[in-house]
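Presented below is the structure to which this report refers.
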Amino acid sequence: MTARLTRVLWHLLLLVVVLVFVAPIVWFLLLAIRPPQSGTASSHSLLFVPDLSALKYVFVSPGTGRSALWASLIQAGGATLIAMPLVIAASYGLTRFTFRGRSLLSTWYLGLMLAPPVVFVLPLFVVLSRVGLVGGNIGVILAFQTFAVPLGVLLLRGFFADIPVEIEEAAQVDGCGRLRCLVTVVLPMVAPGLVVAGVFVFVFCWNNLIFAMPMTGGDSVPLTVRALSFFATSGISWNYIAATSAVSMAVPMLLFWLFRRHIVSGLTFGAVKG
Amino acid sequence: MTVSTPRTRANGRSPARRGFLRGPAPWLLPSMAVLILLSLYPQLQALLNSVRLYNLSIAPDPLRFVGLRNFAYAFTDEQFVGAIGRTMLFAVVTTAAELVLGFGVAVLLNKKLRGVRLARSLIILPTAIAPAVAGLAFRYFYQTDGIAPALLSAIGVTPPEAGILGDTHTALVGIMVTEVWQWTPFAALIFLAALQGVPHDVLEAAAIDGASRLRTTWSVVLPLMRSVIVTVVLLRFIATVNVFDIVYVQTQGGPGDATTTLGLNIFYTGLTYYNIGYASALTWLVTLFVALLINVYLLTAGRRSGGLS
């Protein structure tokens, strides 16, 4: 009897823990479809008629959030597309050659991942504003490379290291050049690693605020920064903030759900295998 | 497989070109060039600016060389020193909380319970969303008419009149809760992976020897997880020292400077007050501090399995 009671209690505890971590997200998402509240009388009721007007206002008409959605896609997507070839080449170089300074290079990449972003933002802002790249997509895409490339390398490197060099050597003996060998033999074998590295680089860029805030302006303002624009002196438009945030949240939540087996390795920069 | 070098020659590629890709340089230089240009060069530029009087709100160009005066000033600057204290408090408390709660959640998720697999997948969601968005969500809950004060009142705690984020005593606590909420699942998932890696026969042997469950956890499981625990602590400590987004969206450092952490202090110094010279000196002080942390970590734990690098 007591054994059964403890089992029930464990299940109850599990339910509470899941609620603690999921309910805040649901509660905030609900705000995006709550009818606009009159005055300060906030309703905590779960019973309401869904109202899509906030989502419509932000993304359809006048749709100020639409350009933010595009900006987020262009910046995170563009940064990932630029970073990945560099990441692939560096991962290959770090795992296929032994040379002086190899561990120093790895440590530098790790240091770049762990250093406070504010340390990069400020000097980079000074340099990029001097060449006129602040306030558009290009500046922020370049700024993202400071963490996108090291993150990608730290993640992909492990996948490359798992591929036996003998396979490549065999292909090379058969007359396959290094580059062709990489493209036709190695890359297909590390395809899961490419996806994992790509997804994490994309999500880190998508979720970024500190680089995007000073580096973008006007139409290049992404969702994370746009959400803040609804804190007006006339009052806070929480419905619009939640609507913008809902779209911002949806993409990484979906990606993390799909790649949940790789989260641990991704978030520890490859240090812990999931 | 036969050796067929003549065939590659017949490909028409010059041996020199193939030789070019034989060394590590062409593979590593592109990414290095990008990172040198986008991070090392600006940082060296910052080092140069850190010994200058350089304030964009006074003049568009550096005014003059001031030696180490910017660095010296930092240690007497109450706002900077205050920010260090707050940041350390924030980092120690949140890291400790994430460690303990994360371990508890991991033990729970390691049990054979119905729906535990779904729970494992659901629990990662907070770590997926942008810290800025998590901050906004909690700012909404913390409003005076939000759900958090209502829940506090329900359990008999009087919420502060100015709101949780509006009161100098509770604002930092509110941000800590947001941080712990978002990153406890991260610690939990890593610990869960480590727990699942503990060999079954070791646990059985302990049980046969008559060790209690608590005793087994303390003397057998925890020592086995040492390197993973060190990794989590270091990663979270460094990340919380670096905290920015989650604070910025909730309080902008206020009320007053009650929640101004290092990141915000430097951000404001450089990008709001345009005091580039002084802010550059501050970024270098922080860089050196975090570099020290990373090195301590690499020396103590990095060489063991499961470590970084």
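Protein chains in written order, with the numbering used here: chain A, 743 to 1016; chain B, 4 to 312. Where a beta carbon is used, it is the ideal one built from N, C-alpha and C, also for glycine. These figures come from a predicted structure and were not determined experimentally.
1) Is the distance from the Cβ of ILE193 (chain B) to the Cβ of VAL1006 (chain A) below 7 Å?
2) Should ALA49 (chain B) and THR286 (chain B) be called a contact, given that it needs their Cβ atoms to be closer than 7 Å?
3) Looking at the secondary structure, which residues open and close the alpha helix (DSSP H) in which CYS947 (chain A) lies?
4) Of the choices B:PHE141, B:VAL84, B:THR98, B:THR130, whose alpha-carbon is the least far from that of LEU773 (chain A)?
5) What residues from chain B crowd round TRP983 (chain A), counting only those whose CB sits closer than 8 Å?
6) For GLY960 (chain A) and GLY26 (chain B), I'd like the C-alpha separation in whole angstroms.
7) Is DSSP giving PHE973 (chain A) helix, strand or coil here?
8) Count the other CB atoms within 10 Å of the CB of LEU238 (chain B); is the residue buried (16 or more) or exposed (fewer)?
9) Residue ranges of each alpha helix (DSSP H) run of no fewer than 4 residues wholly in the region 803–868 of chain A, ordered along the chain?
10) Give a yes or no on whether 7 Å exceeds the smallest Cβ distance from THR161 (chain B) to chain A.
11) Just mark THR840 (chain A) as buried or exposed, buried being the case when its beta carbon has 16 or more other beta carbons within 10 Å.
12) Taking 8 Å as the threshold, find out whether the region 53–73 of chain B comes into contact with the region 219–233 of chain B through three or more Cβ pairs.
13) In the structure shown, what three-state DSSP assignment does LEU1000 (chain A) receive?
14) Quick check: the Cα distance between HIS786 (chain A) and PHE144 (chain B), rounded to an integer number of angstroms?
15) Against chain B, which members of the region 948–970 of chain A pass a CB distance test of less than 7 Å?
16) Taking C-beta pairs closer than 7 Å, name the residues in chain B that TYR799 (chain A) reaches, listed in chain order.
17) What residues are listed by DSSP as bridge partners for ARG55 (chain B)?
18) Could you pull the DSSP bridge partners for ILE978 (chain A) from this structure?
19) Go through its chain and collect everything with a Cβ distance to MET179 (chain B)'s Cβ below 8 Å, but skip five positions before and after it.
20) Chain A beta carbons: is any one of them nearer than 7 Å to that of ASP64 (chain B)?
21) Give me the Cα-Cα distance between SER809 (chain A) and SER962 (chain A), rounded to the nearest whole angstrom.
22) Inspect the beta-carbon positions of VAL943 (chain A) and GLY894 (chain A) and report whether they are closer than 7 Å.
23) Under 7 Å between C-beta atoms, does HIS1004 (chain A) make it to chain B?
24) Going along chain A, which residues have a C-beta under 8 Å from PHE270 (chain B)?
25) How would you call ASN879 (chain A), buried or exposed, if buried means at least 16 neighbouring beta carbons within 10 angstroms?
26) Which parts of the region 875–928 of chain A are runs of the alpha helix (DSSP H), unbroken and 4 residues or longer, counting only runs that do not cross its ends?
27) Please classify GLY138 (chain B) as buried or exposed, where buried requires at least 16 other C-beta atoms within 10 Å of its C-beta.
28) Residues in its own chain within less than 7 Å of ALA903 (chain A) by CB, not counting five upstream and five downstream?
29) PHE78 (chain B) touches chain C at which residues, Cβ-Cβ below 9 Å?
30) Taking 7 Å as the limit between beta carbons, can you name the residues of its chain near PRO994 (chain A), skipping five residues before and five after?
31) I need the straight-line Cα distance from LEU168 (chain B) to VAL160 (chain B), nearest angstrom please.
32) Got a sec? Which residues, its chain only, sit under 6 Å from PRO162 (chain B) by beta carbon, not counting five neighbours each side?
33) Can you tell me which of the three DSSP states ILE775 (chain A) falls into?
34) Within this structure, are the beta carbons of ILE241 (chain B) and LEU856 (chain A) separated by less than 7 Å?
35) Taking all protein chains shown into account, decide if VAL299 (chain B) is buried (16 or more other Cβ within 10 angstroms of its Cβ) or exposed.
Looking at the atomic coordinates:
1) yes
2) yes
3) 933–948
4) The shortest Cα separation from LEU773 (chain A) among B:PHE141, B:VAL84, B:THR98, B:THR130 belongs to B:PHE141.
5) This sequence places Ile at residue 983 (chain A); Trp is not what is there. Those within 8 Å of ILE983 (chain A) in chain B are LEU139, TYR143.
6) Straight-line Cα distance between these residues: approximately 45 Å.
7) Three-state DSSP puts PHE973 (chain A) in a strand.
8) Buried is the call here.
9) 806–838, 844–856
10) no
11) exposed
12) no
13) helix
14) 10 Å
15) ASN949, LEU951, ILE952, PRO956, THR966, ALA969, LEU970
16) Chain B residues near TYR799 (chain A): none, gap ~17 Å exceeds 7 Å.
17) B:PHE68
18) A:PHE973
19) PHE93, VAL96, THR97, ALA100
20) no
21) If you take the alpha carbons of SER809 (chain A) and SER962 (chain A), they lie about 7 Å apart.
22) yes
23) no
24) For PHE270 (chain B), the C-beta contacts it makes with chain A under 8 Å involve VAL860, VAL863, LEU864, ILE952, in order along the chain.
25) Taking every protein chain shown into account, the CB of ASN879 (chain A) has 16 or more other CB atoms within 10 angstroms, so this residue is buried.
26) 879–903, 907–915, 920–923
27) buried
28) THR837
29) The structure shown has no chain C; the protein chains it does contain are A and B.
30) VAL945, TRP948, ASN949
31) 16 Å
32) PRO152, LEU155
33) helix
34) yes
35) With fewer than 16 other Cβ atoms from the protein chains shown falling within 10 Å of its own Cβ, VAL299 (chain B) counts as exposed.
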